[in-house]
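In the UniProt record's numbering, the protein residues as written are 1 to 246.
A virtual CB, placed ideally from N, CA and C, is assigned to each residue, including glycine.
Have a look at the structure below before the remarks.
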């Protein structure tokens, strides 16, 4: 199933009257846990035909080196992607984070309240969008029982841990996920909404050998692929400037 293979498929949609001059009506964010930019840059169509075709197309702008945040593990970085705040802002500083961490009990209990306040979840892009207009709607499909935990991993990440990042097993897992990315794009086309949709494919961290969490290129560099089937991206191809995942 899609939600088993992709860590998260997130959807933001808007009625035409909210931003009448906007170029797109919706954004689909596809998150693939553990997909390091170093390893994606090496792919061929045999490894991942859909992703390779997108990268080579005139529809997408991409980078393999969007810098993530320290520590280079899932929960801090997915929360950064979803909120636009670094771990120091969200208070999510490790994979052991739980809701209980929203309310620190002492100065040394290892908990950090988010900037939104003790006891409050940090606001995500979905909360902010809905707060702007009721005409904006959102949806998500994800592999985790609770997306906010953000650290259960996925097939690509799991293959890296069980073998090593860049192994044949790693690329086999990526090829499997690639097929589901194709199904998402196919569904947008069948619904007749692909030309008015922006697609972002990204990840939380890479890895080296069979782990991650270190501060080096193999861990810190993640892909960010922005695609517009309607060819609304003015400068497709490799993004030359430095970007991060906030």
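Leaving out five residues before and five after residue i in sequence, what residues of the same chain have Cβ atoms less than 6 Å from its Cβ?
| i | result |
| --- | --- |
| residue 119 | 102, 103 |
| residue 41 | 64 |
| residue 242 | none |
| residue 100 | none |
What is the C-beta distance between residue i and residue j, in whole angstroms, given that I count them as a contact (C-beta under 8 Å)?
| i | j | result |
| --- | --- | --- |
| residue 165 | residue 36 | 6 Å |
| residue 51 | residue 181 | 7 Å |
| residue 80 | residue 246 | 6 Å |
| residue 48 | residue 175 | 6 Å |
| residue 204 | residue 222 | 7 Å |
| residue 9 | residue 140 | 7 Å |
Go through its chain and collect everything with a Cβ distance to residue i's Cβ below 7 Å, but skip five positions before and after it.
| i | result |
| --- | --- |
| residue 61 | 226, 233, 235, 236, 237, 239 |
| residue 247 | In the structure as shown, the chain starts at 1 and stops at 246, and residue 247 therefore has no counterpart that could be examined. |
| residue 56 | none |
| residue 86 | 69, 80, 246 |
| residue 217 | 38 |
Suppose the cutoff is 8 Å on Cβ atoms and the five residues either side in sequence are ignored; what does the same chain contact list for residue i look like?
| i | result |
| --- | --- |
| residue 248 | Any answer about residue 248 is impossible in this case: the structure gives the chain only from 1 up to 246. |
| residue 244 | 66, 67, 68, 69 |
| residue 146 | Because residue 146 carries a pLDDT of 41, less than 50, the predicted location of this residue cannot be relied on, and the following value inherits that uncertainty. None. |
| residue 105 | 111 |
| residue 2 | Bear in mind that the predicted position of residue 2 carries a pLDDT of just 36, short of 50, making it too unreliable to give a figure here. |
| residue 26 | 11, 12, 13, 14, 193, 196, 197, 198 |
Are the beta-carbon atoms belonging to residue i and residue j less than 7 Å from one another?
| i | j | result |
| --- | --- | --- |
| residue 219 | residue 230 | no |
| residue 24 | residue 198 | yes |
| residue 159 | residue 173 | yes |
| residue 114 | residue 93 | no |
| residue 192 | residue 71 | no |
| residue 58 | residue 228 | no |
Using CA atoms only, rank isn't needed, just tell me which of the options is closest to residue i.
| i | options | result |
| --- | --- | --- |
| residue 224 | 105, 214, 201 | 201 |
| residue 33 | 88, 191, 177, 112 | 177 |
| residue 30 | 179, 215, 213, 191 | 179 |
| residue 171 | 189, 108, 39 | 39 |
| residue 208 | 185, 190, 189, 167 | 167 |
| residue 11 | 189, 129, 44 | 129 |
Any idea which residues DSSP pairs residue i with across the strands?
| i | result |
| --- | --- |
| residue 41 | Residue 41 is not bridged to any residue. |
| residue 10 | 29, 140 |
| residue 221 | 67 |
| residue 199 | 28, 227 |
| residue 244 | 67 |
| residue 208 | 211 |
| residue 102 | Beta-bridge pairing links residue 102 to no other residue. |
Step through the CB atoms of chain B and report whether any lies within less than 7 Å of the CB of residue i.
| i | result |
| --- | --- |
| residue 172 | Absent from the structure: chain B. Only one protein chain is present. |
Does any heavy atom of the ligand ZN sit closer than 6 Å to the C-beta of residue i?
| i | result |
| --- | --- |
| residue 64 | Because no ligand of any kind appears in the structure shown, any question about the ligand ZN cannot be addressed here. |
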